[in-house]
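> Take the sequence shown: its letter number 67 is residue 186 in the numbering used here, and every next letter is one higher.
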Amino acid sequence: MPKLVRLYIKQVLIGFGLSGIFVAGLLYTNVGNLWHLVSTSDMGLIAVIMLFMFHGIVFAGVQFAIVIMRMGEEGGKPSGGKRAPVATNIPVPVKATAPKRG
120 MPKLVRLYIK
130 QVLIGFGLSG
140 IFVAGLLYTN
150 VGNLWHLVST
160 SDMGLIAVIM
170 LFMFHGIVFA
180 GVQFAIVIMR
190 MGEEGGKPSG
200 GKRAPVATNI
210 PVPVKATAPK
220 RG
């Protein structure tokens, strides 16, 4: 299996694990009276599955994006010229004129 596919599968599993923890936390803390809504409704199980799946998709995507963005070259010297601004102490005359009021 290619390394990138293995990395993606690993990050998806981590994302869905975070989703499970997040949904369990939502239900445990009863945010917006969610536990009562889920436990008393006949569609409650479907709502929990949808919460888990959709949060899992989001968390997996974010997890994979973070890992991919962190794969760039780390540290080292900056390349591409000097970063310090060049300051000159030569004054430049500037005329500040306003139109006359009539």
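Built from N, CA and C at the ideal position, the CB exists for glycine as well. Fair warning: this is a prediction, and the values are worked out from it, not measured in the lab.
Closest to V124 by C-alpha separation, out of L137, I187 and R220, would be which residue?
Measuring from the Cα of V124, the nearest candidate turns out to be I187.
> Quick test of the definition: if touching needs 3 or more C-beta pairs under 8 Å, does the stretch 204-218 touch the stretch 156-168?
Output reads no: the stretch 156-168 does not touch the stretch 204-218.
> DSSP state of V211, grouped into three classes?
The answer is coil: DSSP assigns V211 none of H, G, I, E or B.
> Could you check whether G151 and V157 sit closer than 7 Å to each other, using their CB atoms as the reference points?
No, these two residues do not count as a Cβ contact at 7 Å.
> In angstroms with no decimal places, state the Cα-to-Cα distance between I209 and K219.
The alpha-carbon atoms of I209 and K219 are separated by roughly 31 Å.
> Could you check the C-alpha separation between Y127 and T207 for me, to the nearest Å?
Taking the straight line joining both Cα atoms gives about 52 Å.
> For the alpha helix (DSSP H) that contains V167, what are its first and last residues?
Element bounds for V167: G163 to M188.
> Starting from K219, trace the alpha helix (DSSP H) both ways and give me its first and last residue.
Premise fails: K219 is in no alpha helix (DSSP H) and is neither H nor E.
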